[in-house]
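Visitor: Once you've had a glance at the structure underneath, I'll fire off some questions.
2 protein chains.
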Amino acid sequence: MANQEIFPWKKNPLVLTDVLVQGRRVDICIDEQGFIEAIGEGAGRAGTRAGIPCIEGKGAIAIPGLVNTHTHAAMTLLRGYADDMHLSEWLETRIWPLEAHLTGEDLYWGTRLACLEMIRTGTVAFNDMYFYMQDAARAVQEMGMKAVLSYGFIDLGDPDRREREIRATEELVAAVRRMQDPRIRVAVGPHAVYTVSREGLSWLAEFSRKEQLGIHIHLSETEKEVIDCQVQNGRRPPAWLESCGLLTPRTVVAHGCWLDREECALLGRKSVHISHNPQSNMKLAVNRAMPYPDLIAHGVNVTLGTDGCASNNSLDLFGTMKTAALLQKFFWNQETLLPAADVVAMATENGARALGTGSGRLEPGAPADLLLLSPDHICNIPLHRLESNLVYSCSGSAVDTVLCQGKVLMHERRVPYEKEILAGATKAAADLVRRSA
Amino acid sequence: MANQEIFPWKKNPLVLTDVLVQGRRVDICIDEQGFIEAIGEGAGRAGTRAGIPCIEGKGAIAIPGLVNTHTHAAMTLLRGYADDMHLSEWLETRIWPLEAHLTGEDLYWGTRLACLEMIRTGTVAFNDMYFYMQDAARAVQEMGMKAVLSYGFIDLGDPDRREREIRATEELVAAVRRMQDPRIRVAVGPHAVYTVSREGLSWLAEFSRKEQLGIHIHLSETEKEVIDCQVQNGRRPPAWLESCGLLTPRTVVAHGCWLDREECALLGRKSVHISHNPQSNMKLAVNRAMPYPDLIAHGVNVTLGTDGCASNNSLDLFGTMKTAALLQKFFWNQETLLPAADVVAMATENGARALGTGSGRLEPGAPADLLLLSPDHICNIPLHRLESNLVYSCSGSAVDTVLCQGKVLMHERRVPYEKEILAGATKAAADLVRRSA
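Chains S and A are the protein sequences, given in the same order.
Under my numbering, the first residue of the first sequence carries the number 16, and numbering increases by one thereafter.
Under my numbering, the first residue of the second sequence carries the number 16, and numbering increases by one thereafter.
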């Protein structure tokens, strides 16, 4: 694949010269394994004299790479296919009929398109749940990103279906482990309390404990989910998950709009991570914002996600950062809530902690997962306070260069394979709609 | 100014070939005065054969230019200067002290920076209220945009101050008229019911009636404004404005978050236009969303605005389109409310109607206020439904080319004066902070 070779930097070590980190112009030295070795004024001089390849930062702003903790990446193929509809009608007449025709090849192209969009908007790692995940893994590997991949387990209480879902989960775990790619990890993905039986949830809890796998699940997204769970299981969703053994320090729950105060405390006690998806929640009119004040009061690690492209319809985490800050201020009626620096932390270090991809900070010993932003982009003019600009002014288009574990994924806004991906995904989406017609 | 001459197209007529309008590949012919003459397959052939200059669209998506109906453009200089603070503390300790040091030269640079940002994100016309507006007018004229400019009239009940504000208003009207630039018009700008006395409001109403000027005012932005007006004047803000003669078909009111149903009916009866500013309203935690369902039920023309950069902090109307759709669905708990096509209409034809800049549609006879979007931008891959992509997926970075009344303001994302503006505005912002320290 010829256009993979568009950059001169094939491997590490690598030096970034003259970049702006927390207001200081420094060099960043990256070691052979793609970790940050040193950050400091002139830190790269010895290396560049010794012939280590170098990217000239020319005063670019360096920040940690962003981490998206809730996606269904291949849903990029459904971007804009159906919007502005009642939830049940939208799912039943538009989304599910199309999804029924998805193939592994579609997953491959949709995930590559998602990776391209995430790279172009500064995301280096993501937490993905969907189907045909072996094909998603292949796409992620080619694109050079980090991901935690889970098979979306749905048994609807049917024992035969449960057996098939268990097999699919085991197969994905084996397949990802065979890849032996430290960037790509596997988790279990119980879809939600309303789509997975008690037996299914308990099996996933035990399997994930035994295999030390992450857990990725939707939780308390809508009021209906909470009420139905109470009626069917006699407990609200968090208590129900706890009784099944699914609330662990390896668990990332998505949404959490309808958590009450006591449930926030429970998540805190269990060291569960939460993914806030404000754009999806608003678009689908879930009618309550994730209770951020209660979550931080109980020490929960709050991260950011976009959700899939059918319910957002963008994977640009810069947009999500802004909406998170706006929604929390607006819904909880406090203009001081969730200040910009905390939003940036949610999208970087908190996300990295949830997915186990590193510290999410620019510091020696951390993986070189980082972005260079152009200081001439209009969203950074003037530059009174970087965090404010990142959250309130910039979109992902301000990102110039992306490194993931030291590997250059984008430079000067060029990404390998770009034309091939746009053409392949366009064709896959058109074919999918044709097949489902 | 040498870099004004970066484009080969100096004047009209002009032909755009091979652009996508509502799914058809057509040419757009622009006449000598910058109006659309014809749209159709092969419509440009005769013109290009006759030597009329031509922009090759190469399949680019053409849509009407966006209209921003509420700005304080030069506040770009304050972008990110202070955020996440209590409203009164923010105004009293940060924004007002800085504004007290603004000069006409600052207004010029801040407005140029704003115009550059708006052009880069697809806006062709805006409704601006601030100070030193003669300097703003100079900036707008150089940038080639359309604008309605108003002096922000604030008398705080002080007769001496009122006299000065009346003089400033009259001077701006005279100055803009002297420019004789059909792109630049002038309006009166009573700041709000809580900053302008009954005498001031009535003078402005009478002056605008006599001179047939537009009116631009903040209205019912916060609950406090409504309660205070009721206490001081015995009426809520819309009734108070009506009694002063300020509710007219020439009036654009900004925000309207706290309008009740009867007030929406009043605005409808008076043919008042409203500017929805969802990002500003959320950031400042006004605690209620503009009642869009009631406004459209009463036939009010609803448009979109960004507000100033201190309270947003971006002028990208694509972001505002998305937030408007999300906020209305979320706050009023209806996922079908404000569908994408209606949002696009708010940002184009409704805005154009409010400012009197044309039909805001791509049709013969309309001003050539239009954008070309790259069909290869990832936000348009796949392209199931253009309106969905415009509202939910795209940021302003998808805009490739901008024409305003036939004049090319951006092409291939290059804008005249760009480097000069970024440098000048950076310096103006730094000097302003220094002066106020």
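Glycine included, C-beta positions come from ideal geometry on N, C-alpha and C.
Note that the structure is a prediction, hence the values are computed from the model and not measured.
Mind pulling the chain A residues with CB within less than 9 Å of S/MET305?
Guide: Those do not exist, as S/MET305 stays about 12 Å from chain A at its closest Cβ, beyond 9 Å.
Visitor: For S/LEU342, go through chain A and note every residue whose CB falls closer than 7 Å to its CB, in chain order.
Guide: What S/LEU342 touches in chain A: MET297.
Visitor: Using alpha carbons as the reference points, say which of A/ARG177, A/GLU178, A/PHE141 and A/LEU171 lies closest to A/SER165.
Guide: Considering only alpha carbons, the answer is A/PHE141.
Visitor: Residues in its own chain within less than 7 Å of A/THR335 by CB, not counting five upstream and five downstream?
Guide: Within the same chain, A/THR335 has close Cβ partners PRO293, GLN294, LEU319 and THR321.
Visitor: Taking S/GLU433 as the reference, give the member of S/ARG127, S/LEU228 and S/SER103 with the closest Cα.
Guide: Of the listed residues, the one whose Cα sits closest to S/GLU433 is S/ARG127.
Visitor: Could you check whether the Cβ of A/GLU157 sits closer than 9 Å to any Cβ belonging to chain S?
Guide: Cβ-Cβ to chain S under 9 Å: no for A/GLU157.
Visitor: Since A/TYR166 sits in a beta bridge, which residues does DSSP pair it with?
Guide: Its beta-bridge partners are A/TYR145 and A/VAL203.
Visitor: What are the complete beta strand (DSSP E) segments, minimum 3 residues, inside the stretch 242-293 of chain S?
Guide: Correct list: 266-270 and 288-291.
Visitor: On the three-state DSSP scale, how would you describe S/CYS419?
Guide: Three-state DSSP puts S/CYS419 in a strand.
Visitor: Determine the contact status of S/PRO61 and S/ALA325, defining contact as a CB-CB distance below 9 Å.
Guide: This sequence places Ala at residue 61 of chain S; Pro is not what is there. Not a contact, by the Cβ cut-off of 9 Å.
Visitor: So A/ALA445 contacts chain S; which residues on that side make the cut at Cβ distance below 8 Å?
Guide: Within 8 Å Cβ-Cβ: PRO397.
Visitor: Please classify A/ASN328 as buried or exposed, where buried requires at least 16 other C-beta atoms within 10 Å of its C-beta.
Guide: Flag for A/ASN328 reads buried.
Visitor: Between A/ALA202 and A/VAL163, which are expected to be in contact by the criterion C-beta below 8 Å, what is the C-beta distance as a whole number of angstroms?
Guide: The pair is a contact, with the Cβ atoms about 5 Å apart (cut-off 8 Å).
Visitor: Compare the beta carbon distance of S/LEU330 and S/ALA339 with 9 Å and say whether it is the shorter of the two.
Guide: No, these two residues do not count as a Cβ contact at 9 Å.
Visitor: Just to confirm the assignment, what range does the alpha helix (DSSP H) spanning A/CYS130 have?
Guide: Taken as a continuous stretch (DSSP letters only), the alpha helix (DSSP H) holding A/CYS130 covers 119-135.
Visitor: I want to verify the contact list: residues of chain A whose CB lies under 7 Å from the CB of S/LEU8, in sequence order.
Guide: Lying before the first or after the last residue shown, residue 8 of chain S is absent from chain S, which here runs from 16 to 452.
Visitor: Exposed or buried, what is S/MET16 when buried is set at 16 or more other beta-carbons lying within 10 Å of its beta-carbon?
Guide: With a pLDDT of only 41 at S/MET16, under 50, the local geometry of the prediction cannot be trusted, and no value is derived from it.
Visitor: Beta-carbon within less than 6 Å of A/THR63's beta-carbon, same chain only, minus the 5 sequence neighbours each way: which residues are those?
Guide: Excluding residues within five positions, the ones whose Cβ falls inside 6 Å are VAL30 and CYS69.
Visitor: Would you kindly report the start and end of the unbroken alpha helix (DSSP H) that includes A/PRO308?
Guide: First-last of the alpha helix (DSSP H) with A/PRO308: 307-312.
Visitor: Could you compute how far the alpha carbon of S/ILE43 sits from the alpha carbon of A/ARG200?
Guide: Rounded to whole angstroms, S/ILE43 to A/ARG200 spans 52 Å at the Cα level.
Visitor: State yes or no: is the beta carbon of A/TRP273 nearer than 9 Å to at least one beta carbon in chain S?
Guide: Taking Cβ atoms only, chain S never reaches closer than 9 Å to A/TRP273, which makes this a no.
Visitor: State the Cα-Cα distance for the pair A/GLY323 and S/HIS392, rounded to the nearest angstrom.
Guide: Roughly 19 Å separates the two Cα atoms.
Visitor: How is A/MET160 classed by DSSP in three states: helix, strand or coil?
Guide: Reduced to three states, the DSSP call for A/MET160 is coil.
Visitor: Could you give the distance in angstroms between the alpha-carbon of A/GLY439 and the alpha-carbon of S/ILE396?
Guide: In a straight line, the C-alpha of A/GLY439 is about 10 Å away from that of S/ILE396.
Visitor: Nearest chain S C-beta to A/PRO354 closer than 9 Å, yes or no?
Guide: Interface residue, yes.
Visitor: State the beta-bridge partners of A/PHE222 as determined by DSSP.
Guide: According to DSSP, which records beta bridges pairwise, A/PHE222 is partnered with nothing at all.
Visitor: List, in chain order, every chain B residue whose beta-carbon is nearer than 8 Å to that of A/LEU437.
Guide: Of the protein chains in this structure, namely S and A, none is chain B.
Visitor: Comparing the C-beta of A/TYR96 with each C-beta of chain S, is any distance below 9 Å?
Guide: Closer than 9 Å: yes.
Visitor: Could you check the C-alpha separation between A/ILE311 and A/HIS288 for me, to the nearest Å?
Guide: Roughly 11 Å between the two C-alpha positions.
Visitor: With a 10 Å radius around its C-beta and 16 neighbouring C-beta atoms as the bar for buried, classify S/LYS26 as buried or exposed.
Guide: Label assigned to S/LYS26: exposed.
Visitor: Cα separation between S/SER410 and S/ASN404?
Guide: Spanning the two alpha carbons is a distance of roughly 10 Å.
Visitor: When we look at the beta-carbon of A/ALA115 and count the other beta-carbons within 10 Å, is it buried (16 or more) or exposed?
Guide: Exposed: under 16 other Cβ atoms inside 10 Å.
Visitor: Interface residues of chain S around A/ASN365 at Cβ under 9 Å?
Guide: By Cβ distance, chain S contributes nothing, its closest Cβ being about 18 Å from A/ASN365, past 9 Å.
Visitor: Answer with yes or no whether the minimum CB distance from A/GLY204 to chain S is below 9 Å.
Guide: No, its Cβ sits nowhere closer than 9 Å to a Cβ of chain S.
Visitor: Can you tell me which residues form a DSSP beta bridge with A/HIS233?
Guide: In the DSSP output, where bridge partners are listed per residue, A/HIS233 has A/ALA269.
Visitor: Tell me which residue opens and which closes the alpha helix (DSSP H) that S/VAL301 is part of.
Guide: Element bounds for S/VAL301: n/a, residue is neither H nor E.
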